[in-house]
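Since the structure comes first, as structure tokens, the remarks are kept for the end.
Protein chains: 2
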Amino acid sequence: MKRDALVFYSPVDDPEAWREALSAELPDLDFRVDPDVGDPATVDYALVWVPPSGFFQRFPNLKLVTNLGAGVDRLVRRDDLVPVPISRLSDPGMVAMMTSYVVFAVTRYARDIHIFERAQRRGEWHYVHPRPLSEIKVGVLGLGELGGPAAKTLADMGFDTYGWSRTQKTIPRVTCTAGAQAFEEILRTCEILVCLLPLTPDSRGMIGARELALMPKGAKLVNASRAAVIDEAALIAALRSGVVGEATLDVFDIEPLPAGHPFWTLDNVLITPHLASITVPKLAARDVAESIRRVRRGEPPLHAVDAQRGY
Amino acid sequence: MKRDALVFYSPVDDPEAWREALSAELPDLDFRVDPDVGDPATVDYALVWVPPSGFFQRFPNLKLVTNLGAGVDRLVRRDDLVPVPISRLSDPGMVAMMTSYVVFAVTRYARDIHIFERAQRRGEWHYVHPRPLSEIKVGVLGLGELGGPAAKTLADMGFDTYGWSRTQKTIPRVTCTAGAQAFEEILRTCEILVCLLPLTPDSRGMIGARELALMPKGAKLVNASRAAVIDEAALIAALRSGVVGEATLDVFDIEPLPAGHPFWTLDNVLITPHLASITVPKLAARDVAESIRRVRRGEPPLHAVDAQRGY
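Residue numbers (this note's numbering), protein chains in the order written: chain E, 1 to 311; chain U, 312 to 622.
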């Protein structure tokens, strides 16, 4: 009897870590790393990150495509997708990692650490009277599988937490809103704003000069989703003029961020190299295996992606 | 009928904020700010932070002393205390604030932000593959009213969390230990260690050169309790030699930290000006008022302090 076969492709993920993690879950799975794929007609599943154009057409019997990450924007806008179920990763380790990044960036501003860092460089003891967390309004844009838990943790910590998403969500202790008017309202309300929106045709460029100017003067912005949601040139101008006070950025129009890019020289920007949340094979393999089991039974996979909707 | 009277003394706290917050809770309380105390014999309660020597003897009818903070080390070691119940502050706002500080400092190290900060100063994109939080061992020393909630939040976020206290505590998902042998064990175990121990005769100098050397090479230390728990000279030597990799310090032997102090020049130290957790009158007044009500009824106050034990 033919063993089910999976093809793996990623320019950044370690195939051997994935082989080991998946074989612990599905010992009978035939794990093949592109380009060493054997007979393409025997490949059932694809586990991929940004594969080259035409990749999917090579495998006529694909039953499932799993995206090696949470953001599928680079997958769903392709013109070579095949009509099989698409799944993406959203394992608990990834959720915990994103929440830790968001909590770090938000508490750093809420506790005035960026001010103390600058004082320390001057060798100065500079006291700023702290404000209770309950008086600090923090907003999360995007309340999906990453944004929802991040917003919940911020609320549990005691922040006055707001959340916005395309469709209305409900999260305990988080003031959740949806729709265009509420989007402007959350921008006006929050002094710390976290962007966890998926990149879709609707969200591309959603935060431009006009939207940044709606935020309270000197507000703090955290972007840990996709660079293209925010107009980078507008953000640079806003950070220079003080319209936006501070930014923590994990994503950029060009990555790695090129030497000499204006962000490098802005004292009010904290740069991290696109790792707010990454996939850990050991933690994510369980979900990947479960999706394969479901597809074998004729059920939809976990974390199914609607290619039309874009997430 | 005589109104109950309270005397307020603090070199750092705002008496008018406290007057307003307490009168909302106890409208009939006669709030007096030292030295404008009227007839000292009519004073029933003291709400104080480090009052001058002999302060308490001036008030022969005191029924309650409330410390304007969580740490009572400077109160209980005085030789002029009077035999009345002592209470300290531990309001939810203060707990949330301390937790936010601890979570900030721990996630900064766990997410390698200190490395990215240095790379950014060099204008360099320096990727470090993140580790799952569940593989990062974080320890909290002291599991009292501040340490306990901080440890719980770290565990809820997904860290592999350890806690040590003088007497055994139980916190969900936190590996709690107590006693001298377990103290050495937690030092050996954790790559990030948070000190939230109260300062007592037992804890003074508890972490010296020997204890720092027990920690994993390059471990990270966070001190948000009292400077004297850690031997400052030993810590400086350990930070210089790399025995301790990084430290986030909110407390110092001399505050404000003097210009030219070695900590200012150590690149692997983050300095904050003693504000990890402060008292917010609006949030703390409810507990202060409740303690007064309890003492009026002949009951012990909230957050009662055992002066012998020291906390």
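Where a beta carbon is used, it is the ideal one built from N, C-alpha and C, also for glycine.
- In the three-state DSSP reduction, E428 (chain U) falls in the helix class (H, G or I).
- Not one beta carbon of chain E lies nearer than 9 Å to the beta carbon of F366 (chain U).
- Sequence-distant Cβ neighbours of Y412 (chain U) in its own chain, meaning closer than 6 Å and more than five residues away, are A535, A587.
- Around the Cβ of T488 (chain U), a 10 Å sphere holds 16 or more other Cβ atoms; the residue is buried.
- Less than 9 Å separates the beta-carbon of G621 (chain U) from that of L510 (chain U).
- R399 (chain U) carries a strand assignment under DSSP once its states are collapsed to helix, strand and coil.
- For P51 (chain E), the closest of E:P60, E:A41, E:P35 by C-alpha to C-alpha distance is E:P35.
- Annotation note: the region 508-574 of chain U contains the following uninterrupted beta strand (DSSP E) runs of length 3 or greater, listed N- to C-terminal: 530-534, 555-560.
- For F183 (chain E), the enclosing alpha helix (DSSP H) starts and ends at 180-189.
- Put simply, the backbone Cα of R499 (chain U) is about 12 Å away from that of R521 (chain U).
- In its chain, beyond the 5 residues on either side, S10, D13, L47, V48, W49, L89, T279 have a beta carbon closer than 7 Å to the beta carbon of L68 (chain E).
- When 8 Å is used as the limit between beta carbons, R419 (chain U) is near these residues of chain E: F104, R108, in chain order.
- Residue environment for K313 (chain U): exposed (fewer than 16 other C-beta atoms within 10 angstroms of its C-beta).
- Any Cβ of chain E closer than 9 Å to the Cβ of M517 (chain U) would place that residue at the interface, and such an atom is absent.
- Closest in alpha carbon position to G434 (chain U), among U:I426, U:P441, U:H440, is U:I426.
- The three-state secondary structure of R388 (chain U), taken from DSSP, is coil.
- Look at the region 378-412 of chain U: the residues with a C-beta under 7 Å from a C-beta of chain E are G404, A407, M408, T410, S411, Y412.
- Every beta strand (DSSP E) of 3 residues or more that sits fully in the region 98-157 of chain E is shown, in chain order, as 137-141.
- Collapsing the DSSP output to three states places S321 (chain U) in coil.
- Residue pairing by DSSP puts I271 (chain E) in a beta bridge opposite E:L249.
- A residue is called buried once 16 or more other Cβ atoms fall within 10 Å of its Cβ, and E232 (chain E) is buried on that count.
- Straight-line spacing of the CA atoms in R121 (chain E) and W575 (chain U) works out to 8 Å.
- Residues of the same chain with a CB within less than 8 Å of the CB of A238 (chain E), apart from the 5 flanking positions on each side, are A209, L212, A213, V244 in chain order.
- At a cut-off of 9 Å between beta carbons, P15 (chain E) makes no contact with chain U.
- Counting along the chain, no alpha helix (DSSP H) covers W49 (chain E), and no H or E run does either.
- Uninterrupted beta strand (DSSP E) stretches at least 3 residues long and entirely within the region 21-65 of chain E occur at 30-33, 45-48, given in chain order.
- In the DSSP annotation of this structure, V505 (chain U) is not part of any alpha helix (DSSP H); the continuous beta strand (DSSP E) holding it starts and ends at 503-506.
- Taking 9 Å as the cut-off, the Cβ atoms of A5 (chain E) and Y45 (chain E) count as close.
- In its chain, beyond the 5 residues on either side, G519, A520, L523 have a beta carbon closer than 7 Å to the beta carbon of A545 (chain U).
- Around the beta carbon of D306 (chain E), a 10 Å sphere encloses fewer than 16 other beta carbons of the protein chains shown; the residue is thus reported as exposed.
- Excluding sequence positions up to five before and after E255 (chain E), its CB lies within less than 7 Å of the CB of H274, all in the same chain and listed in chain order.
- At the C-beta level, P85 (chain E) and L64 (chain E) come within 9 Å of one another.
- For the 9 Å CB-CB criterion, L75 (chain E) and A285 (chain E) do not form a contact.
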